[in-house]
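Each residue of the sequence shown is one higher than the one before, starting from 683 at the first, in our numbering.
Written out below as structure tokens is the structure these notes cover.
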Amino acid sequence: MRSTLLSRRDLDFLLYEWLNVEQLIKRERYADHSRETFDAMLELSEQLATKYFAPHNKLNDANEPTFDGERVTIIPEVATALAAFAKAGLPSAAMDYELGGAQLPVTVAQASYAWFQAANPGTSGYSFLTVANANLLLTHTGPEFTDRFVRPMLDGRFFGTMCLSEPQAGSSLADIVTRAEPQDDGTYRLFGTKMWISGGDHELGENIVHLVLAKIPGGPAGTKGISLFVVPRFLVEDDGTVGERNDVALAGLNHKMGFRGTVNTVLNFGEGRWTPNGAAGAVGYLVGEPHRGLSYMFHMMNEARIGVGMVASALGYTGYLESLDYARTRAQGRAKLPADPTAPQRPIIEHADVKRMLLAQKSYTEGALALVLYCARLVDEQQTAESAEEKKALTLLLDILTPIAKSWPSQWCLEANNLAIQVLGGYGYTREYNVEQHYRDNRLNPIHEGTHGIQGLDLLGRKVTQQGGASLLALNERVQGTVVAARAAGGEAAELAAQLDSSWQRLVEVTAGLFATGDFEAALANSSVYLEAFGHIVLAWIWLEQLLAAEGHAGDFYDGKRHAARYFYRFELPKTTPALDLLARLDTTTLEMRDAWF
């Protein structure tokens, strides 16, 4: 029976026929691997996700974590699933051999992880936060942190979080007030409150490793004064044993519309409920240098942003497959108008409007998954680059695609979930079916790791202008390479290449015009519109890439790819024209609006 979590056939196409991940085996880091080891990882992930994660997804949603003032209670199936995930070595799948990892390409690991995110985003969230936490520490700390914190996280004994926001600051990290007081022994004592901390308190493992942004008194104002600290729930002794409780207290739980299985917390640091080593404040260990915490945290944040794009894609994809399965089996309506009441009813998939909704979902979800895996492929190339120049070029490209990889799937795979509900009709919004939960879960992703507004400002205000537009030029080179290849292929590919080239050139032209006047406030006023238009053009490029990969192949699968690309160019890419027209006018409607007029 075909899975309704993801399409293994599509994953194989993306990995092997488009991204050519087998070529990575030629690189020293991945030389021990083969198609067989990649397939084994994908198969294992599908099996574990189906057996341990998917069965309790609805139970997790209906029975969210509770707090009785002392302990957080989570349904036992969560711990069982996470233990199976850890036992299989999946947290360290892409890690170095010396860490006990499998040293798999990030592209393969991300494709494998998508099974778990489709099956149960609430439970899988604990592991993927932990992996991102471990990656940051491996990049910015030394062996002591690796042995004390990273190895236990990869073994599944410890879990990890990221603690950025505060109740009064939200996304404005310049305004955080959590402080870190230096101590004579080289540690720090932290005092403050952190908000929206996923996985912040539970009994799923022996310890929780918090990565906390805080300010050292006397440091620079704003973001330049932010430092990063490791603050464990329990102190860890020199020999690795878990010691006394640190002064990290759970103040309460946040109750969300989705991702309800991932406990979301308000944490107080230095509340005084515990006094580790007999003194007030939560013991913290400085990561790297003082006042560089935000740059370190961006390592985890950027990984998490692409991770948000992946979970959004996975949720959109599973909703699409479930609504497709429903449409094939649900009989309603008849073939001719006026309908013959004596004729047999037909499956609703035969109705044009249902086909439209399913085709839209296919174009959104398969396109989004392809984009995120493309970014993962860039990470693999970046990690194994043979020169500093090559690595820099790949970093520039990944920089400009990251806000798109986070925001576009979050917006359009949510729309796919919306359409999945519509396909099911009245059943779609009942809890007996999964698609209403997928929508609620996915609705958090436009906010997770930075809202659309923040991603738009990042893209237009930083990424397209950095280093004299170097990131935009790097992406331009890739897009033009695809256009040239598609024109050479001829036929429909060449026709779509002409559309893409026209839209892309207009985007570049509009981008230059936005900053020509020097009015940066006006230029950035519609950055969210810019983000959406930019994202749609990027996805048109991704679909042309897939069309070229399908070139010369026959069969329903490849015909489906071609028709999804066709749909995207006919129905979706034209939406960028009015958006680019508005941007070109430097429209100030939003800037001119006044509070009193609402």
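We treat Cβ as the ideally placed atom computed from N, Cα and C, and that holds for glycine.
Source: prediction; values computed, not measured.
Buried or exposed (CB count within 10 angstroms, at least 16 for buried), Q1014:
Classification of Q1014: exposed, given that the 10 Å Cβ count is below 16.
Taking 8 Å as the threshold, find out whether the region 1255–1271 comes into contact with the region 1205–1218 through three or more Cβ pairs.
yes
Report yes if the CB atom of V894 is closer than 7 Å to the CB atom of V924, and no otherwise.
no
For E1131 and H1245, I'd like the C-alpha separation in whole angstroms.
33 Å
To the nearest angstrom, how far is it from the Cα of L819 to the Cα of A713?
Going by the C-alpha atoms only, they are around 26 Å apart.
So, with DSSP's three-state summary, where would you put M844?
strand
Please report the distance separating the alpha-carbon of G943 from that of N928.
When rounded, the distance between both Cα atoms is 25 Å.
In chain order, what residues of the same chain lie with their CB nearer than 6 Å to the CB of G1135, ignoring the 5 residues before and after it?
S1210
Three-state secondary structure (DSSP) at V894?
strand
Can you check DSSP and say which residues form a bridge with G874?
F951
Are the beta-carbon atoms of A1175 and L1229 separated by less than 7 Å?
yes
Quick check: A862 and L872, are their CB atoms within less than 7 Å of each other?
Cβ atoms of A862 and L872: closer than 7 Å.
Using the rule of at least 16 other Cβ atoms within 10 Å of the residue's Cβ for burial, across every protein chain shown, is P899 buried or exposed?
Flag for P899 reads exposed.
May I have the straight-line CA-CA distance separating A761 from S774, to the nearest angstrom?
18 Å
Go through the region 799–860 residue by residue and report every complete run of the alpha helix (DSSP H) that reaches 4 residues or more, in order.
803–822, 833–836
Considering only their Cβ atoms, is the gap separating A1087 from M1053 smaller than 7 Å?
The question names Met, but residue 1053 in the sequence shown is Leu. In this structure, A1087 lies closer than 7 Å to L1053 by Cβ.
Flag this pair as touching only if the region 1031–1047 and the region 954–965 have three or more C-beta atom pairs under 8 Å; answer yes or no.
No, because fewer than three Cβ pairs between the region 1031–1047 and the region 954–965 fall closer than 8 Å, the two stretches do not touch.
Beta-carbon within less than 7 Å of E1063's beta-carbon, same chain only, minus the 5 sequence neighbours each way: which residues are those?
L1076
With distances taken between CB atoms, is the gap from A801 to A791 smaller than 7 Å?
No.
Rounded separation between T1000 and T1199 - CA only
Looking at the backbone, the Cα of T1000 and that of T1199 are separated by about 46 Å.
Enclosing beta strand (DSSP E) for V913 [first to last residue]:
908–914
Spatially closest choice to G664 from D750, R987, Y1121, by CA coordinates
Residue 664 lies beyond the residue range present for the chain, which begins at 683 and ends at 1280; the question has no answer from this structure.
Start-to-end residues for the alpha helix (DSSP H) that takes in V1146:
Segment: none, V1146 is in no alpha helix (DSSP H) and carries neither H nor E.
Residues bridged to I707 (per DSSP):
I707 is not bridged to any residue.
Is G874 a contact residue of the ligand ZN, with contact defined as CB to any heavy atom under 6 Å?
Because no ligand of any kind appears in the structure shown, any question about the ligand ZN cannot be addressed here.
According to DSSP, N889 sits in a beta bridge with which residue or residues?
F840
Separation of E1071 from D1241, as counted between CA atoms:
Their backbone Cα atoms lie some 40 Å apart in a straight line.
For N742, three-class secondary structure by DSSP:
In the structure shown, the three-state DSSP call for N742 is helix.
Ignoring anything shorter than 4 residues, give me the alpha helix (DSSP H) runs that lie fully in the region 1238–1279, in order along the chain.
1238–1249, 1258–1266, 1271–1274
Who are the near neighbours of A1286 in its chain, counting only those whose CB is closer than 7 Å to its CB and skipping five residues on each side?
The chain is shown only over 683 to 1280; residue 1286 falls outside these bounds and no answer can be derived.
Hey, how far is the Cα of Y1008 from the Cα of L1106?
7 Å
Out of curiosity, what's the CA-to-CA distance linking K938 and D1123?
9 Å
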